[in-house]
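Below is the structure:
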């Protein structure tokens with residue numbers, strides 16, 4: 362298997378566009394910075410949060426319909442709305458800056474990794490001993506962050522005892538799930554509103570300056586933008602894949618994988634990679650480099666497309682994914698090439714932006 366993975370990796374690397382092999386020193390095109398930052402906000406961040414808000418709203422509607430008239434059809438619809446919400450969040454999740462990390466919003470939407478199973482224990486305890494305050498979004502948000510987001514919703518819909526959703530109209534479990542969905546819609550609405558405010562965070566991102574609360578100059582803005590990309594790629598490798606699979610000879614922990622109950626582990630991972638690729642593409646980030654150096658971005662896009670394609674090909678059954686030799690070869694591919702992606706973003710693209718020498722996101726600098 363090692364030889365297979367090595368062969369795949371070599372094929373990927375040698376298949377990179379020939380222009381990627383150029384060695385000319387790239388130059389940051391400073392006159393492009395303003396336009397790129399504006400596109401980051403208007404083409405990626407704002408649409409991403411709006412999409413998450415809307416998908417969460419559909420999820421709330423589907424849960425309320427299930428609670429009112431339980432049926433297999435309504436349960437399937439609610440699960441489908443949950444899938445759409447997870448996919449929407451996975452794409453915008455890479456933006457771990459600004460309003461998303463204020464007021465614990467990020468953890469309230471997705472509490473993960475959860476190595477001590479804190480969320481699971483709290484949700485199970487709540488279902489065993491119902492508390493009506495958890496069935497209203499406005500009071501649920503006052504409780505533990507681990508009880509109010511996507512992880513809790515997944516257990517409601519797919520976890521032990523989920524069959525009870527079909528047994529009783531307006532049962533506690535279903536109403537709790539509807540409250541979670543309502544809370545997610547509320548959080549999505551907050552994030553969308555924060556970024557849509559013309560004089561708020563979007564203006565700060567678009568116009569770095571001495572009085573700017575976020576970025577005093579272009580370099581700080583470029584550092585934040587590159588940080589979204591690098592930290593996003595690192596999170597996929599370190600917090601998504603390596604939580605359950607660290608390589609061919611390492612012990613596997615399939616039930617530590619994100620969204621393993623719903624079979625959405627790799628849909629989430631694919632969404633993360635799609636988010637990175639969409640951000641780069643929609644913001645025309647290649648415009649930051651001189652024409653002779655834009656192959657750096659082309660090669661990054663090539664790696665991302667390969668990662669997206671491979672993540673989409675892995676079995677959604679996490680037990681199968683870690684047990685089958687064929688599936689494990691895909692996991693090895695994801696590990697190897699996600700590391701390559703991190704290096705290309707941090708060293709190649711970061712270096713081209715003037716952030717390469719003595720600067721490493723991997724070290725937390």
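Residue numbers (our numbering): 362 to 726. Even for Gly, the Cβ is constructed at its ideal location relative to N, Cα and C.
Once you ignore the five residues that flank residue i on each side, which residues in its own chain have a CB closer than 6 Å to its CB?
i: residue 537; result: 495 and 496
i: residue 425; result: 539
i: residue 710; result: 657
i: residue 604; result: 474 and 617
i: residue 471; result: 510 and 511
i: residue 578; result: 569
i: residue 440; result: 518
i: residue 627; result: 672 and 675
i: residue 583; result: 714
i: residue 467; result: 461
i: residue 501; result: 495, 509, 540 and 544
i: residue 382; result: Bear in mind that a pLDDT of 45 at residue 382, under 50, signals an unreliable position, so the model cannot answer this.
i: residue 523; result: none
Kindly give me the distance between the Cβ atoms of residue i and residue j, rounded to whole angstroms, as I take these residues to be in contact under 8 Å.
i: residue 452; j: residue 639; result: 7 Å
i: residue 619; j: residue 629; result: 6 Å
i: residue 553; j: residue 414; result: 5 Å
i: residue 545; j: residue 420; result: 7 Å
i: residue 416; j: residue 437; result: About 17 Å; that fails the 8 Å criterion.
i: residue 660; j: residue 705; result: 6 Å
i: residue 408; j: residue 526; result: Not confirmed; about 32 Å, so no contact.
i: residue 513; j: residue 547; result: So it is not a contact: roughly 15 Å between Cβ atoms.
i: residue 481; j: residue 534; result: Residue 481 to residue 534, Cβ: 15 Å. No contact.
According to DSSP, is residue i part of a helix, a strand, or is it coil?
i: residue 427; result: helix
i: residue 389; result: strand
i: residue 716; result: coil
i: residue 471; result: coil
i: residue 382; result: Low confidence applies to residue 382: its pLDDT is 45, below 50, so where it sits in the model is not reliable enough to give any reading.
i: residue 488; result: helix
i: residue 650; result: strand
i: residue 509; result: coil
i: residue 416; result: helix
i: residue 522; result: coil
i: residue 364; result: Low confidence applies here, because residue 364 scores a pLDDT of 44, under 50, leaving its location unreliable and the question unanswered by this model.
i: residue 405; result: helix
i: residue 661; result: helix
i: residue 711; result: helix
i: residue 698; result: helix
i: residue 374; result: Because residue 374 carries a pLDDT of 49, less than 50, the predicted location of this residue cannot be relied on, and the following value inherits that uncertainty. Reduced to three states, the DSSP call for residue 374 is helix.
i: residue 533; result: helix
i: residue 479; result: helix
i: residue 493; result: helix
i: residue 655; result: coil
i: residue 458; result: coil
i: residue 619; result: coil
i: residue 464; result: coil
i: residue 515; result: helix
i: residue 528; result: coil
Terminal residues of the continuous alpha helix (DSSP H) containing residue i?
i: residue 450; result: 433–453
i: residue 635; result: 626–643
i: residue 394; result: 394–400
i: residue 501; result: 498–501
Could you pull out every residue in the same chain whose Cβ sits closer than 7 Å to the Cβ of residue i, ignoring the five residues on either side in sequence?
i: residue 555; result: 460, 561 and 562
i: residue 585; result: 458 and 576
i: residue 411; result: 553
i: residue 597; result: 630, 633, 634 and 699
i: residue 643; result: 400, 404 and 405
i: residue 637; result: 455, 590, 593, 594 and 665
i: residue 695; result: 602, 668, 671 and 672
i: residue 680; result: 615
i: residue 520; result: 622
i: residue 479; result: 507
i: residue 423; result: 438, 439 and 442
i: residue 557; result: 407
i: residue 306; result: In the structure as shown, the chain starts at 362 and stops at 726, and residue 306 therefore has no counterpart that could be examined.
i: residue 581; result: 569
i: residue 505; result: 483
i: residue 655; result: 647
Who are the Cβ neighbours of residue i in its own chain at under 8 Å, not counting the five residues just before and after it?
i: residue 429; result: 530 and 531
i: residue 565; result: 573, 574, 575 and 576
i: residue 650; result: 387, 388, 389, 390, 657, 658 and 713
i: residue 727; result: Past the boundaries of the shown model lies residue 727; the chain is included only from 362 to 726, so the question cannot be answered.
Along the chain, which unbroken stretches of the alpha helix (DSSP H) at least 4 residues long are found entirely within the region 663–694?
-> 679–684
With a floor of 4 residues, list each alpha helix (DSSP H) that falls wholly inside the region 538–610, ordered by position along the chain.
-> 562–567 and 579–596
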